[in-house]
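See below for the structure under consideration.
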Amino acid sequence: MKPVDLRSDTVTQPTPGMRAAMASAPLGDDVFGDDPSVNALQEKIAGMLGFEAALFVPTGTQGNLCGILSHCQRGDEYIVGQMQHCYRWEGGGAAVFGSVQPQPLEHQADGSLALAAIEAAIKPDDPHFARTRLLALENTLGGKVIPFDYLQQATALARSRGLAAHLDGARLFNAAVAQAAVNGSDARAEARRIAGLFDSVSVCFSKGLGAPVGSALCGPKDLIARARRIRKMAGGGMRQAGVLAAAASYALDHQVERLAQDHALALRLAEGLQGIEALQVEPPQTNILFVDLAGAARERSAELLPFLAAQGVLATGLYRLRFVTHHDVDAAGIERAVNAIRSFFRA
Ligand SMILES: Cc1ncc(COP(=O)(O)O)c(C=O)c1O
Numbered sequence: 030m031k032p033v034d035l036r037s038d039t040v041t042q043p044t045p046g047m048r049a050a051m052a053s054a055p056l057g058d059d060v061f062g063d064d065p066s067v068n069a070l071q072e073k074i075a076g077m078l079g080f081e082a083a084l085f086v087p088t089g090t091q092g093n094l095c096g097i098l099s100h101c102q103r104g105d106e107y108i109v110g111q112m113q114h115c116y117r118w119e120g121g122g123a124a125v126f127g128s129v130q131p132q133p134l135e136h137q138a139d140g141s142l143a144l145a146a147i148e149a150a151i152k153p154d155d156p157h158f159a160r161t162r163l164l165a166l167e168n169t170l171g172g173k174v175i176p177f178d179y180l181q182q183a184t185a186l187a188r189s190r191g192l193a194a195h196l197d198g199a200r201l202f203n204a205a206v207a208q209a210a211v212n213g214s215d216a217r218a219e220a221r222r223i224a225g226l227f228d229s230v231s232v233c234f235s236k237g238l239g240a241p242v243g244s245a246l247c248g249p250k251d252l253i254a255r256a257r258r259i260r261k262m263a264g265g266g267m268r269q270a271g272v273l274a275a276a277a278s279y280a281l282d283h284q285v286e287r288l289a290q291d292h293a294l295a296l297r298l299a300e301g302l303q304g305i306e307a308l309q310v311e312p313p314q315t316n317i318l319f320v321d322l323a324g325a326a327r328e329r330s331a332e333l334l335p336f337l338a339a340q341g342v343l344a345t346g347l348y349r350l351r352f353v354t355h356h357d358v359d360a361a362g363i364e365r366a367v368n369a370i371r372s373f374f375r376a
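As structure tokens, then:
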């Protein structure tokens with residue numbers, strides 16, 4: 030039987046409709062700006078999020094790198110959260126390739142960075158210090174929706190201190206769908222409202238949206254022109270990339286609102302694990318569920334993932350146990366995961 034793969038929302042396969050869109054995509058050489066499918070995707074995502082321009086990049090990592098290096102010069106600094114992808118999980122790319130220094134801050138319980146901590150981290154204009162240029166935030170962060178009011182305040186603070194603001198919106202649409210459910214509003218309007226607070230936003234198509242490859246960096250025209258040069262330097266200038274852009278376009282047309290189903294399945298999984306004494310289950314806000322082993326059960330943590338894998342349930346556990354729902358998981362798969370986890374703690 031095919032395993033239930035809850036390691037990440039990046040593991041999805043393109044649907045037949047998406048494959049058909051890829052197969053029939055008109056193509057050209059995107060380094061010459063000639064690929065109609067890439068151009069159409071860039072216009073679509075920029076328009077959806079209310080930006081002048083967008084750049085199709087192969088990965089979210091490159092989207093963040095192009096964003097940070099378009100805002101910052103050598104010797105500049107960006108303020109970022111300790112657990113954000115563009116600090117912790119991207120090999121230190123901004124520092125390695127751009128000589129841009131990160132200034133990491135601890136997160137508060139809701140995933141935000143305290144405004145006072147941001148304020149305190151902004152360096153005075155003095156030759157001792159790197160020049161603080163950018164505030165980088167992430168939404169969702171570890172599956173948490175960063176409150177909209179907070180994003181308003183943090184980006185306003187950045188702006189009042191002359192900093193630009195970049196959003197790692199790898200899962201912006203998960204945040205938007207969750208926010209829309211709370212506000213009784215439209216997910217696409219929520220995505221635009223969140224994105225509108227930032228100078229640049231990087232969005233991934235290859236996560237919950239279900240495309241095989243690709244992200245976009247959105248921003249003003251001059252920033253995107255700088256980002257295009259950085260993308261080329263980073264080896265991200267692709268040729269007939271429209272075959273990939275067509276999948277991303279299809280995802281934007283057909284697979285945004287369905288993220289609500291992933292959120293419901295994560296909640297179902299959390300509910301299914303209630304009552305297991307050895308587990309602390311953090312209530313999921315979107316499609317990512319974190320679970321911690323409590324008490325004596327911690328000693329068995331190294332056995333849990335191999336046990337689940339043997340039962341056909343895949344998950345990860347670098348810092349905490351993590352289960353991610355996505356397009357290729359269904360209710361039956363979640364039941365299987367619940368049963369496998371329960372049977373581990375019965376043994
Ligand atoms: C929040 C966030 N940003 C950026 C990325 C990087 O995306 P990629 O794996 O396409 O480089 C990821 C990847 O998981 C992510 O979770």
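Residue 30 is where the sequence shown starts when you use this note's numbering, and the numbers rise one by one after that.
All C-beta atoms in this analysis are idealised placements derived from N, C-alpha and C, irrespective of residue type, glycine included.
For clarity, every value in this text was computed on a predicted model and none was experimentally measured.
Sequence-distant residues of the same chain with beta carbon closer than 7 Å to residue i, five excluded per side
i: Gln208; result: Val174, Phe177 and Glu219
i: Ala270; result: Asp59, Asp64, Val67 and Phe85
i: Ala159; result: Gly104, Asp105, Glu106, Gln130 and Lys152
i: Leu302; result: Leu308, Val310, Val320, Val367 and Ile370
i: Asp215; result: Ala209
i: Arg257; result: Leu84
i: Pro55; result: Pro65, Ser66 and Gly271
i: Gly122; result: Thr90 and Leu94
i: Met267; result: Asp59 and Pro87
Beta-ladder partner(s) of residue i, from DSSP
i: Cys95; result: Paired residues: none, contrary to the question.
i: Cys233; result: Ser244
i: Gly346; result: DSSP lists no partner for Gly346.
i: Lys173; result: Leu170
i: Leu84; result: Leu246
i: Tyr107; result: Pro131 and Leu163
i: Phe352; result: Leu318
i: Val33; result: Val342
i: Leu308; result: Leu322
Three-state secondary structure assigned by DSSP to residue i
i: Ala263; result: coil
i: Val40; result: coil
i: Thr161; result: strand
i: His292; result: helix
i: Leu192; result: coil
i: Ile317; result: strand
i: Gly120; result: coil
i: Gly198; result: strand
i: Val272; result: helix
i: Met77; result: helix
i: Met112; result: coil
i: Ser53; result: coil
i: Glu286; result: coil
i: Val358; result: coil
i: Phe227; result: coil
Whether residue i touches residue j by CB criterion (8 Å)
i: Thr41; j: His355; result: yes
i: Leu70; j: Ser278; result: yes
i: His195; j: His114; result: no
i: Leu142; j: Gly110; result: yes
i: Ala245; j: Ala83; result: yes
i: Thr345; j: Gly172; result: no
i: Ala183; j: Ile147; result: yes
i: Ala185; j: Arg162; result: no
i: Lys250; j: Glu119; result: no
i: Gly265; j: Pro87; result: yes
i: Ala338; j: Leu318; result: no
i: Ile108; j: Leu164; result: yes
i: Ser323; j: Pro313; result: The question names Ser, but residue 323 is Ala in the sequence shown. Not in contact: Ala323 and Pro313 (Cβ atoms no closer than 8 Å).
i: Gln132; j: Ala150; result: yes
Candidates the options, of which the one nearest residue i by Cα
i: Ser235; options: Ser214, Ala275 and Ala49; result: Ala275
i: His136; options: Ser128, Val129 and Ala145; result: Ala145
i: Gly248; options: Gly237, Leu226 and Gly239; result: Leu226
i: Ile74; options: Ala280, Ala138 and Ala256; result: Ala280
i: Arg36; options: Gln181, Arg349 and Lys250; result: Arg349
i: Ser7; options: Ile97, Lys261, Pro87 and Pro55; result: Absent from the structure is residue 7, since the part of the chain shown begins at 30 and ends at 376.
i: Phe202; options: Ala83, Leu56, Leu78 and Gly362; result: Leu78
i: Asp38; options: Phe373, Ser128, Arg351 and Arg365; result: Arg351
i: Met30; options: Phe374, Leu347 and Gln340; result: Gln340
i: Gly46; options: Phe61, Gly239 and Arg268; result: Gly239
i: Val33; options: Gly213, Val211, Leu347 and Leu343; result: Leu343
i: Asn168; options: Ala150, Met112, Ser189 and His157; result: Met112
Near ligand 3: residue i beta-carbon under 7 Å from a heavy atom
i: Gly239; result: Among the ligands modelled here, namely ligand 1, ligand 3 does not occur.
Sequence-distant residues of its chain with Cβ nearer than 6 Å to residue i (five each side left out)
i: Leu273; result: Val242 and Gly243
i: Asn93; result: Cys115, Asp197 and Ser231
i: Val206; result: Ala216, Leu288 and Ala289
i: Arg297; result: Ile363
i: Cys233; result: Gly89, Ala199 and Ser244
i: Ile253; result: Ala82 and Leu84
i: Ile259; result: Cys95 and Leu98
Neighbourhood of residue i by C-beta distance below 8 Å, restricted to the same chain and skipping five residues each side
i: Asp139; result: Lys173, Ile175, Pro176 and Tyr179
i: Asp291; result: Asp38, Asn203, Gly237, Thr315, Asn316, Thr354, His355, His356 and Val358
i: Pro335; result: none
i: Gln181; result: Leu226
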